[in-house]
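Counting in the working numbering, the sequence shown runs from 1 upward without gaps.
What follows is a short report on a single structure.
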Amino acid sequence: MPLPRPLLCVGVLVYLAAAQAGAAGPPAASGEQKVLVILARFPDIAPSFSSEELQTKYFDKLDRYLRAVSYGKASVTGKMTAWHTLPRPVADYRLSPHNLAVDKGRVRQLIQDAIDLADADEDFTRYSMIFLSLGAKQSDYGMMGLCGYPGMLGWQQELPARTRGRQQSIPGGVAIFCENAHVGVVFHDMAHILGGVRDGRRVLPCLYDHDLQAQRGPFRNYAQFYLTNVGFFDPMSCHFLELRRGPPGPCAFTKLRLGWLDPAKLVEVPRGGARSVRLGPLSDGRADTLAVKVPLGPATYYLIENRQPLGPDVNLPSHGVLIYYCDDGVAECRKGASPIKLVDANPATPELRAAPFTADGNNTFTDAKRGVSVRVIAHRGLDREVHISNAGQPP
1 MPLPRPLLCV GVLVYLAAAQ AGAAGPPAAS GEQKVLVILA RFPDIAPSFS SEELQTKYFD
61 KLDRYLRAVS YGKASVTGKM TAWHTLPRPV ADYRLSPHNL AVDKGRVRQL IQDAIDLADA
121 DEDFTRYSMI FLSLGAKQSD YGMMGLCGYP GMLGWQQELP ARTRGRQQSI PGGVAIFCEN
181 AHVGVVFHDM AHILGGVRDG RRVLPCLYDH DLQAQRGPFR NYAQFYLTNV GFFDPMSCHF
241 LELRRGPPGP CAFTKLRLGW LDPAKLVEVP RGGARSVRLG PLSDGRADTL AVKVPLGPAT
301 YYLIENRQPL GPDVNLPSHG VLIYYCDDGV AECRKGASPI KLVDANPATP ELRAAPFTAD
361 GNNTFTDAKR GVSVRVIAHR GLDREVHISN AGQPP
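Written as structure tokens, this is what we have:
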């Protein structure tokens, strides 16, 4: 049920105030994340991945990745169940591969059937969230991975699903993955749950374009929906650069939303100000400065970061200084709008693959309309010295 218009406006204003004040991310995004992975197979399909392979993905690879990108603030533990056989064939649950065309009733049915199967043996209160790991591939089920809540089934209210037996409710949220889902896919949907909901909005939305995702095309069978806003530089935008490599780290926007980037490592250049900053690599939590914020208006700002081949960021298409235009007034990526858009330093290279600014390449960004300029002055090892002017009027 939608909120009445006055209440919705108040909620948005509260959200923007918290975002502009640099409020810490949701407490649930840090600490030990206890995940219950329910293995659910269809009666008409035999799983292709072993329990050991799935255990490695959900609790070894995902844990290493989460520790790295959160600067050690978050980790993954939990339990994987034995295989449960769902009561219906895969055709009864199969989804469209396009978000906007998904049959939500089928998502609800799968979640209900799976949690009912695990109800007798599991105490849901011991866990932070639930993953449903399907013994099928995307070609069988239709979608590689999805977040049921907060996601495909909305986020305006708590997920109403309860087990029919013990009346257990789902803790935190629930995501669904095919057996061949990449770790980047798993992190993407887990991050929606970690962010949660604030004032009727997802703290961490998808950073790809949902309307383009609804179209078929040449990029992994879709239109280039991944490559419109942030490209390969955050798994909330594109889950991975290459299938056989790990996901890249998330950008500063995502780390700030989840409360992983220490506000003391975020430098702000206010309107009318100018300064030079030595930016450490975003993947290096020991660096003194990890990002720069350049405020423009009540909800808009630039974020500047330095991405280098350290940790998960070895999996990026290129490295250097990235500049993002951010608008906290935008809740979701629909109809061309996005809360974050990457500035492309080299638009002649497709797919945002050469978006970083470098001292020995395109080293200057100018927004004459807003009176902002950014120049990469020098490379200091993996650090980048950057001069930022936020004059607030055309130069």
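Ideal Cβ placement from N, Cα and C applies to all residues, glycine included.
Check: Would you mind stating whether Leu86 and Tyr93 have Cβ atoms separated by less than 9 angstroms?; Outcome: yes
Check: Would you call Arg429 buried or exposed, if buried means 16 or more other Cβ atoms sit within 10 Å of its Cβ?; Outcome: Since the displayed the chain opens at 1 and closes at 395, residue 429 lies outside it and no answer follows.
Check: Hey, would you say Ala291 sits closer than 9 angstroms to Leu310, going by beta carbons?; Outcome: no
Check: Rounding to the nearest angstrom, what Cα-Cα distance links Ser318 and Ser283 in this structure?; Outcome: 14 angstroms
Check: Can you tell me the Cα-Cα spacing of Arg5 and Gly172, whole angstroms?; Outcome: In this predicted model, Arg5 has a pLDDT of only 32, less than 50, meaning its place in the structure is not dependable enough to derive any value.
Check: Where do the N-terminal and C-terminal ends of the beta strand (DSSP E) with Tyr65 fall, by residue?; Outcome: Run containing Tyr65: none in the beta strand (DSSP E); it sits in the alpha helix (DSSP H), 62-69.
Check: Should Lys255 be labelled buried (16 or more other beta-carbon atoms within 10 Å of its own) or exposed?; Outcome: buried
Check: Helix, strand or coil for Glu351, going by three-state DSSP, please let me know.; Outcome: helix
Check: On the criterion of 16 or more Cβ atoms from any shown chain inside 10 Å, does Gln308 qualify as buried, or is it exposed?; Outcome: buried
Check: Roughly how many angstroms lie between the CA atoms of Leu36 and Phe49, to the nearest whole one?; Outcome: 18 angstroms
Check: For Leu316, count the other beta carbons within 10 Å of its own beta carbon; 16 or more makes it buried, fewer makes it exposed. Which is it?; Outcome: buried
Check: Could you say which of Leu159, Gly246, Tyr149 lies nearest to Leu204 if we only look at CA atoms?; Outcome: Tyr149
Check: May I ask which residues mark the beginning and end of the alpha helix (DSSP H) holding Val183?; Outcome: 183-195
Check: Could you give the DSSP three-state label for Gly280: helix, strand or coil?; Outcome: coil
Check: Mind reading off the beta-carbon distance from Pro89 to Asp44? Whole number of angstroms is fine, and I expect it under 8 angstroms.; Outcome: 5 angstroms
Check: Using CA atoms only, rank isn't needed, just tell me which of Gln55, Ala391, Ile170, Met80 is closest to Gln112.; Outcome: Ile170
Check: Based on the DSSP secondary-structure assignment, which residues constitute the bridge partners of His84?; Outcome: Ala40
Check: Provide the residue(s) that pair with His379 in DSSP beta bridges, ordered along the chain.; Outcome: Arg384
Check: Go ahead and label Gln138 buried or exposed: buried means 16 or more other beta carbons lie within 10 angstroms of its beta carbon, across all protein chains shown.; Outcome: buried
Check: Going by DSSP, which residues form a beta bridge with Thr300?; Outcome: Asp327
Check: In the DSSP assignment, what residue or residues form a beta bridge with Leu266?; Outcome: Ala291
Check: Between which two residues does the beta strand (DSSP E) containing Lys341 stretch?; Outcome: 340-342
Check: Please confirm if the region 360-373 is in contact with the region 330-340, defined as three or more CB-CB distances below 8 angstroms between the two stretches.; Outcome: no
Check: Within 10 angstroms of its Cβ, does Gly361 collect 16 or more other Cβ (buried), or is it exposed?; Outcome: exposed
Check: Measuring alpha carbon to alpha carbon, tell me which of Asp328, Ala331, Val330, Thr366 ends up nearest Val343.; Outcome: Thr366
Check: Whose C-beta lies closer than 7 angstroms to the C-beta of Tyr397 among residues of the same chain, with five residues either side of it excluded?; Outcome: This structure cannot settle anything about residue 397, because the visible part of the chain is limited to 1 through 395.
Check: For a test of the three-state rule: what should DSSP assign to Asp116, helix, strand or coil?; Outcome: helix
Check: Out of Thr81, Arg278, Gly329, state which residue places its alpha-carbon closest to the alpha-carbon of Leu117.; Outcome: Thr81
Check: Quick check on this structure: which residue in Gly196, Tyr208, Val183, Glu179 has the alpha carbon closest to the alpha carbon of His98?; Outcome: Tyr208
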